[in-house]
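**Q** Structure provided below as C-alpha cells; questions to follow.
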Amino acid sequence: MKMSIGQTIEIIYLDKAGKITQRKIEVNGIRDGRIRVTCLITGAPRVFLTVSILSWMLVAKKQHA
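If you count the sequence shown from 1, you need to add 7 to reach the working numbering.
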C-alpha cells in the first residue's frame, strides 16, 4: 500500500533526538523524501522525513449511520 495525499494515517517515527513517537496525521503533500502533514493531535502543520518513519498504517474513516 502506498501513502497518498488526503489520507489519514498513524505513524511511528524516529525524531532527531532519537525518540520514537507515534501520532495520527493527515497527509498534505509528499515530495523529495519529505511528507507535509497536519498533526491531528495538535492541528499544527508538520514535516517528516520519509526515512524517519519506521511504520505507518491507514486509519479507517468512521462511517456515519
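No residue lacks a Cβ here, since even glycine has one placed at the ideal position from N, Cα and C.
Quick caveat, the model's predicted, so the values are computed rather than measured.
Taking the CB atoms as reference points, tell me whether I16 and V58 lie closer together than 9 Å.
**A** It is not a contact, given that the beta carbons lie outside the stated cut-off.
**Q** Pull up the CB-CB distance for T45 and I32, whole angstroms please, since I reckon it's below 8 Å.
**A** Yes, they are in contact, since the Cβ atoms of T45 and I32 sit about 7 Å apart, within 8 Å.
**Q** With a 10 Å radius around its C-beta and 16 neighbouring C-beta atoms as the bar for buried, classify I42 as buried or exposed.
**A** That one is buried.
**Q** Determine the extent of the beta strand (DSSP E) in which T49 is found, giving its start and end residues.
**A** From DSSP, T49 is part of no beta strand (DSSP E); its letter is neither H nor E.
**Q** Select from Q29, A51 and Q14 the residue whose C-alpha is nearest the C-alpha of I60.
**A** Selected option, being the one with the closest Cα: Q29.
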